[in-house]
Amino acid sequence: AQSVTQLGSHVSVSEGALVLLRCNYSSSVPPYLFWYVQYPNQGLQLLLKYTSAATLVKGINGFEAEFKKSETSFHLTKPSAHMSDAAEYFCAVGARGATNKLIFGTGTLLAVQP
Amino acid sequence: NAGVTQTPKFQVLKTGQSMTLQCAQDMNHNSMYWYRQDPGMGLRLIYYSASEGTTDKGEVPNGYNVSRLNKREFSLRLESAAPSQTSVYFCASSVPQGKGYQETQYFGPGTRLLVL
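Chains A and B, in that order, are what the protein sequence lines are. If you count the first sequence from 1, position 113 lands on 366 in this note's numbering, and the numbers rise without skipping. If you count the second sequence from 1, position 3 lands on 4 in this note's numbering, and the numbers rise without skipping.
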């Protein structure tokens, strides 16, 4: 069965520092991978998605993620954190054989310190 | 274009009461979903509907029923609410990207439900 694991339920960085949020996936077939962001008291918003076209995927708000098959990872990065990046981030993998189903990780709450 | 809308935004119920959560999308999407979000557990799929007139169980369907009223609307009903159903409920919708391609899901703002 497919799954995703997000390492670190809470991550804290200083404003201007590198943001690195980790996601590892388990899939026996080439996966579709997504990162969503949830700001306080809001729904989930798509940040970026990997669909096998390119291993480095650029998303909104300066975020990007790199698909590494050898490491089964899809970590999310941003070179310089901004206070407005404080939110919860979810990694998700497309369910095998069901292109309309996603399996979500447990989320990582990002805090940005001034 | 409002995207995915949900009502109500917040609800308090007593154990045993019933209620229906409403969801509508104006993006002409085929598929619609109901998730619940609990601390430390991410989002778990309750039910989904691949098209008008069809519904299927997700990971945690017990205690819930759904109705795909038309292409736009997908409601979630709690017949007899329990404290374990205290959660944040999200509706989402998606459209096919092409054969074999994963659909991108778009989410509503959520309904916060407290069952006492």
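Just so you know, even glycine gets a beta-carbon here, dropped at the ideal spot from N, CA and C. These numbers were taken from a predicted model, which means no experiment stands behind them.
About 4 Å separates the CB atoms of G43/B and F357/A; that is less than 8 Å, so the two are in contact.
Taking 8 Å as the threshold, the shortest C-beta distance from P110/B to chain A falls below it. Counting C-beta pairs closer than 8 Å gives three or more between the region 10 to 29 of chain B and the region 81 to 98 of chain B, which meets the contact rule. Contact between S280/A and Q255/A holds: their C-beta atoms lie close to 5 Å from each other, under 8 Å.
Among the CB atoms of chain A, none fall inside 8 Å of the CB of G54/B. For T21/B against R78/B, the beta-carbon gap comes to about 5 Å, under 8 Å, which counts as contact. With respect to chain B, the C-beta atom of G360/A has a partner C-beta closer than 8 Å. Among the CB atoms of chain A, one or more fall inside 8 Å of the CB of T105/B.
At a beta-carbon threshold of 7 Å, the residues of chain A lying near M42/B are T359, ordered along the chain. Taking a beta-carbon distance threshold of 8 Å, F91/B counts as an interface residue toward chain A. Listed by position along chain B, the residues whose Cβ is nearer than 9 Å to that of L363/A form an empty set, because the closest Cβ is around 15 Å away. Measuring C-alpha to C-alpha distances from G315/A to each of L329/A, A345/A, K321/A identifies L329/A as the nearest. If you compare the alpha carbons of E53/B, T105/B, L46/B, G41/B with that of P62/B, the shortest gap goes to L46/B. Counting along the chain, the unbroken beta strand (DSSP E) around V257/A starts and ends at 256 to 260. Nearest in C-alpha terms to E324/A, of all of N294/A, H263/A, S265/A, N277/A, is N277/A. Nearest Cα to Y65/B within the set Q38/B, S19/B, F11/B: S19/B. The DSSP-derived three-state label of N314/A is helix. Secondary structure of S337/A (DSSP, three-state): helix. Here A345/A is near F287/A, since their CB atoms are less than 8 Å apart. The alpha carbon of R69/B has as its nearest neighbour, out of M33/B, Q38/B, S85/B, the alpha carbon of M33/B. Taking 7 Å as the cut-off between beta carbons, the residues of the region 272 to 288 of chain A near chain B are Y285, in sequence order.
For the 8 Å CB-CB criterion, L300/A and Y289/A form a contact.
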